[in-house]
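Structure first, commentary second.
Next comes the structure, spelled out in structure tokens:
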């Protein structure tokens, strides 16, 4: 899969993000010169964790026959020490449905095993950035 990001205008910071048939947008906050018209990249990073936990819980509950009817995930960011190499995310889960204490605890444990949580905390990620070659539009 390829994700393509394109600048919307030469004056601003707003970009379109194309993921298969889905289009999203990103911008930077007004406080640093953007329009604040869309989530900024950190928001998508944090949202990836929250959405993965929600989807993982729904899939797991369905597979195991646990009567989970819905999930609300709140993600709060503490980026105050990001420049020092520390980025904190606090995740609050609200599990909906008639669940026993044991089912709630089981789902709580499963949430921390979602693929994005594992990717963020246990995987070495390598990134290689290349410049495209060829004629470019002005």
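In the working numbering, the protein residues as written are 324 to 461.
Think of the CB as a built atom: it goes at the ideal place given N, C-alpha and C, for glycine as much as any other residue.
For residue i, does the count of other Cβ atoms within 10 angstroms reach 16, so buried, or fall short, so exposed?
i	result
residue 328	exposed
residue 411	exposed
residue 348	exposed
residue 448	exposed
residue 425	exposed
residue 384	buried
residue 445	exposed
residue 380	buried
residue 356	exposed
residue 454	exposed
residue 413	exposed
residue 430	buried
Which residue marks the beginning of the alpha helix (DSSP H) containing residue i, and which one marks its end?
i	result
residue 348	Taken as a continuous stretch (DSSP letters only), residue 348 belongs to no alpha helix (DSSP H), being part of the beta strand (DSSP E) at 345-349.
residue 287	Since the first residue shown for the chain is 324 and the last is 461, residue 287 is missing from the structure and cannot be characterised.
residue 422	Segment: none, residue 422 is in no alpha helix (DSSP H) and carries neither H nor E.
residue 327	Unbroken run through residue 327 is the beta strand (DSSP E), 326-330; no alpha helix (DSSP H).
residue 373	364-387
What span of residues does the beta strand (DSSP E) with residue i cover, start to end?
i	result
residue 401	393-401
residue 341	338-342
residue 452	That residue, residue 452, is in no beta strand (DSSP E); it is neither H nor E in DSSP.
My guess is that residue i and residue j are in contact by the Cβ rule of under 8 angstroms, so how many angstroms apart are they, rounded?
i	j	result
residue 337	residue 361	6 angstroms
residue 369	residue 398	5 angstroms
residue 293	residue 439	Outside the shown range of the chain, which is 324 to 461, sits residue 293, and nothing can be said about it.
residue 351	residue 334	About 13 angstroms separates the two Cβ atoms, so there is no contact after all.
Give every residue of the same chain whose Cβ lies closer than 6 angstroms to the Cβ of residue i, excluding the five residues on either side of it in the sequence, and list them in chain order.
i	result
residue 390	420 and 421
residue 376	396, 434 and 437
residue 441	none
residue 417	395
Going by beta carbon distance, what residues of the same chain come within less than 8 angstroms of residue i, once the five residues before and after it are set aside?
i	result
residue 326	340, 341 and 342
residue 346	339 and 340
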